[in-house]
Amino acid sequence: MTSITTAPSTADAHKYGVLFVFAAGVLWSTVGLGIRLIEDAVVWQILLYRSISLSLFLYVLIRVRSGESPFVQIRRIGFPAIVAGLSLVAAYSGGIYAIQNTSVANAMLLFATAPFMAAVLGKIVLREPVRVATWIAIAVAIGGIGIMVADKSGGVALKGSLAALGSAFGFAVFTVALRWGRTGEMLPAVFLSGLFAIVITSAICLGLGLSFVLSPSDGGIAMGMGIFQVGAGLILYTLGSRSLPAAELALLSLAEVLLGPLWVWLFLGETATANTLIGGAVLLAAIVGNALSGKRRKPPPITAP
Numbered sequence: 001m002t003s004i005t006t007a008p009s010t011a012d013a014h015k016y017g018v019l020f021v022f023a024a025g026v027l028w029s030t031v032g033l034g035i036r037l038i039e040d041a042v043v044w045q046i047l048l049y050r051s052i053s054l055s056l057f058l059y060v061l062i063r064v065r066s067g068e069s070p071f072v073q074i075r076r077i078g079f080p081a082i083v084a085g086l087s088l089v090a091a092y093s094g095g096i097y098a099i100q101n102t103s104v105a106n107a108m109l110l111f112a113t114a115p116f117m118a119a120v121l122g123k124i125v126l127r128e129p130v131r132v133a134t135w136i137a138i139a140v141a142i143g144g145i146g147i148m149v150a151d152k153s154g155g156v157a158l159k160g161s162l163a164a165l166g167s168a169f170g171f172a173v174f175t176v177a178l179r180w181g182r183t184g185e186m187l188p189a190v191f192l193s194g195l196f197a198i199v200i201t202s203a204i205c206l207g208l209g210l211s212f213v214l215s216p217s218d219g220g221i222a223m224g225m226g227i228f229q230v231g232a233g234l235i236l237y238t239l240g241s242r243s244l245p246a247a248e249l250a251l252l253s254l255a256e257v258l259l260g261p262l263w264v265w266l267f268l269g270e271t272a273t274a275n276t277l278i279g280g281a282v283l284l285a286a287i288v289g290n291a292l293s294g295k296r297r298k299p300p301p302i303t304a305p
């Protein structure tokens with residue numbers, strides 16, 4: 001009797017989980033288009049405005065969702081929340097710089113190396129085991145990255161690629177920090193990252209003599225990205241990831257990587273180099289292979305949002 005009554009709810013939870021995580025990937029995939037539409041603002045100005053709207057949005061969300069201040073949750077997580085927050089600032093900065101200085105396809109594909117970096121960091125810092133299949137996938141991914149950057153021997157394109165890898169490393173540190181703090185709750189750490197980013201980018205803008213006043217278009221796009229592209233994407237991912245195994249999460253996350261270049265091609269006519277496409281295909285094959293090889297793992301328990 002129990003299995004009959006719980007099976008539909010389990011199936012529904014999985015269905016909505018897939019929908020929510022895919023929708024999160026769609027929202028996150030618009031980052032390249034959003035940054036391309038910004039006309040004059042530089043990375044620090046964009047990150048400042050985006051962080052202001054993101055922090056305000058997440059403060060209200062966390063208060064409504066949990067009934068307590070996000071600062072209380074941050075104190076409960078402790079030092080790992082600080083590491084996670086600072087790593088996200090580095091990830092966001094590198095991500096914006098990368099998209100401004102290399103193709104969106106190149107940047108988005110390199111962002112996708114974050115799970116592999118997290119696996120290696122988890123092995124080093126937390127002594128977490130890494131499957132043989134994952135080591136093989138990492139080796140294949142490195143080959144794909146080598147192909148992607150082979151035609152970027154100098155100039156801003158290479159700097160953009162390195163920034164994208166730096167951004168992926170920041171996200172990897174964020175992931176490991178959450179596991180270090182023994183919490184799967186992302187929102188408080190992301191909220192803290194917004195506060196850190198406001199302070200850091202404000203200081204950088206002052207030091208570089210950058211204006212705190214953006215055009216209505218640039219400011220509106222940057223703040224809209226904080227609410228819809230980052231904030232809403234996090235909500236959907238948090239809700240959906242609770243009912244999906246890690247393998248499905250990895251595969252669904254490819255929506256962000258594949259759709260990002262599609263938007264700038266459809267709306268702005270931006271294309272990628274042959275090296276980016278070939279190397280990206282190798283990298284995606286590594287990600288898919290690693291995800292499928294772990295499909296037999298037991299999925300996490302389904303809990304109410």
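For the sequence shown, position 278 (counting from the first letter as 1) is numbered 278 according to full-length UniProt numbering, and the numbering increases by one without interruption. Backbone N, C-alpha and C fix where the C-beta goes; we use that ideal spot for every residue, glycine too.
Starting from residue i, trace the alpha helix (DSSP H) both ways and give me its first and last residue.
i           : result
residue 216 : 216 to 224
residue 152 : That residue, residue 152, is in no alpha helix (DSSP H); it is neither H nor E in DSSP.
residue 36  : 31 to 37
residue 229 : Taken as a continuous stretch (DSSP letters only), residue 229 belongs to no alpha helix (DSSP H), as it is neither H nor E.
residue 242 : Residue 242 -> no alpha helix (DSSP H), and no H or E assigned at all.
residue 53  : 43 to 66
residue 108 : 104 to 111
residue 87  : 79 to 101
residue 260 : 254 to 268
According to DSSP, simplified to helix, strand and coil, what is residue i?
i           : result
residue 169 : helix
residue 142 : helix
residue 248 : helix
residue 129 : coil
residue 212 : coil
residue 201 : helix
residue 12  : helix
residue 281 : helix
residue 296 : Annotation note: pLDDT 49 at residue 296 (below 50); position unreliable, coordinate value reported separately. Residue state, collapsed to three classes: coil.
residue 5   : At residue 5, the pLDDT of 44 sits below 50, so the modelled position is not reliable; the number obtained from the coordinates is stated separately. The answer is helix: DSSP assigns residue 5 an H, G or I state.
residue 182 : coil
residue 272 : coil
residue 161 : helix
residue 193 : helix
Could you tell me if residue i is buried or exposed, where buried requires 16 or more neighbouring beta carbons within 10 angstroms of its beta carbon?
i           : result
residue 152 : buried
residue 11  : exposed
residue 199 : exposed
residue 39  : exposed
residue 308 : No information on residue 308 is available, as it lies outside the stretch 1 to 305 that the chain covers here.
residue 69  : exposed
residue 271 : exposed
residue 212 : exposed
residue 215 : exposed
residue 150 : exposed
residue 193 : buried
residue 50  : buried
residue 57  : buried
Kindly confirm or deny that the region 202 to 214 and the region 78 to 92 touch, where touching means at least three C-beta pairs closer than 8 Å. The region 78 to 92 and the region 202 to 214 do not touch, with fewer than three beta-carbon pairs separated by less than 8 Å.
Please determine if the region 117 to 127 and the region 262 to 269 are in contact, where contact requires at least 3 C-beta pairs separated by less than 8 Å. By the Cβ rule, the region 117 to 127 does not count as touching the region 262 to 269, because fewer than three pairs are nearer than 8 Å.
Does the pairing of the region 98 to 106 with the region 274 to 282 give three or more beta-carbon distances under 8 Å? Judged by Cβ distances under 8 Å, the region 98 to 106 makes contact with the region 274 to 282, as three or more pairs qualify.
Would you call the region 165 to 184 and the region 43 to 61 in contact, with 3 or more CB pairs under 8 Å? In short, these stretches do not touch, since the Cβ pair count stays below three.
Specify whether the region 110 to 123 and the region 139 to 147 touch according to this definition: at least 3 beta carbon pairs, one from each stretch, less than 8 Å apart. The region 110 to 123, when compared against the region 139 to 147, does touch it at the 8 Å Cβ threshold.
Given 8 Å as the limit, is there contact between the region 217 to 237 and the region 71 to 85, that is, 3 or more CB pairs closer than that? No, because fewer than three Cβ pairs between the region 217 to 237 and the region 71 to 85 fall closer than 8 Å, the two stretches do not touch.
Would you call the region 54 to 70 and the region 154 to 169 in contact, with 3 or more CB pairs under 8 Å? The answer is no - the region 154 to 169 does not touch the region 54 to 70, with fewer than three Cβ pairs under 8 Å.
Are the region 164 to 171 and the region 11 to 21 touching by the rule of at least three beta carbon pairs closer than 8 Å? The answer is no - the region 11 to 21 does not touch the region 164 to 171, with fewer than three Cβ pairs under 8 Å.
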